[in-house]
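Colleague: Encoded as structure tokens, here's the structure I'll be asking about.
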Amino acid sequence: MPRAVIALGSNQGLREEALSNAREAIAALPGTRVLKAARRYETAPVDVPPQFAHLTFLNSALLVETALSPEALLAALLGIEAGAGRVRILRNGPRPIDLDLILYEGEARATPSLTLPHPRAHLRAFVLQPLADLGITRADLLANRIP
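Per the numbering used here, residue 2 is the first one in the sequence shown, and the count goes up by one each step.
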């Protein structure tokens, strides 16, 4: 089964609980198993509207094995976000949970709904730090590989 990397973040509400609930929801997806989880890191917000600059994030990442296609996995992640109360009104606004599909083994995409690998992950410390816990480097992201 292919492996995938998912970044998790929260800057609103009970952040620890949001990350735990998201991990459980991802592990419960059909044909999906969490192989490894990164530690949680407190990080400063990036590219947020100034009125939300004080809302720090809690970030982590998961390495999963999944039978879902990249598109089906993304749809499931968006469903988990919606179920946790995420509403996409303001770009980069506060969110109880943010789930990003970063890598999907053997797949590259550039469609309106999905770009793989994630186009900005290699530029963001709040993604790179948890990915390092999973043994994934910036070079791996750029090479679109999961070691």
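Each residue gets a CB set at the ideal place from its N, CA and C atoms; glycine is no exception.
Just so we're clear, the structure is a prediction, and the values are computed from it rather than from any experiment.
Anyone know if the C-beta pair for Ala-29 and Pro-97 falls short of 7 Å?
Modeller: no
Colleague: Look up Ala-8 in the DSSP assignment and say whether it is helix, strand or coil.
Modeller: Ala-8 carries a strand assignment under DSSP once its states are collapsed to helix, strand and coil.
Colleague: Please list the terminal residues of the continuous beta strand (DSSP E) segment that includes Ser-61.
Modeller: 58-67
Colleague: Along the chain, where does the beta strand (DSSP E) containing Glu-43 start, and where does it finish?
Modeller: 42-44
Colleague: By DSSP, does Asp-101 sit in helix, in strand, or in coil?
Modeller: Three-state DSSP puts Asp-101 in a strand.
Colleague: Any chance the stretch 44-51 sits against the stretch 110-128, with 3 or more Cβ pairs inside 8 Å?
Modeller: yes
Colleague: What do you reckon, are the CB atoms on Ser-61 and Leu-100 nearer than 7 Å?
Modeller: Judged by their CB atoms, Ser-61 and Leu-100 are not nearer to each other than the 7 Å cut-off.
Colleague: What's the gap between the Cα of Asn-12 and the Cα of Arg-24?
Modeller: 16 Å
Colleague: Rank Glu-106, Val-88, Gly-84 by C-alpha distance to the C-alpha of Ala-26 and give the top, closest one.
Modeller: Gly-84
Colleague: Ala-122 and Ile-103 - do their beta-carbons sit closer together than 7 Å?
Modeller: yes
Colleague: On a CA-only basis, which of Pro-3, Ala-5, Ser-21, Arg-4 is nearest Glu-82? Give me that one, please.
Modeller: Ser-21
Colleague: Answer yes or no: do Leu-142 and Pro-118 have a C-beta to C-beta separation smaller than 7 Å?
Modeller: Contact flag set, yes.
Colleague: Could you spell out where the beta strand (DSSP E) holding Ala-28 opens and where it closes?
Modeller: Looking at the DSSP string, Ala-28 is not in any beta strand (DSSP E); the run it does join, the alpha helix (DSSP H), is 16-28.
Colleague: Could you name the residues that DSSP lists as bridge partners for Leu-117?
Modeller: Arg-110
Colleague: Which term fits Leu-36, buried or exposed, when burial requires 16 or more other beta carbons within 10 angstroms of its beta carbon?
Modeller: With fewer than 16 other CB atoms across the displayed protein chains lying within 10 angstroms of its CB, Leu-36 is exposed.
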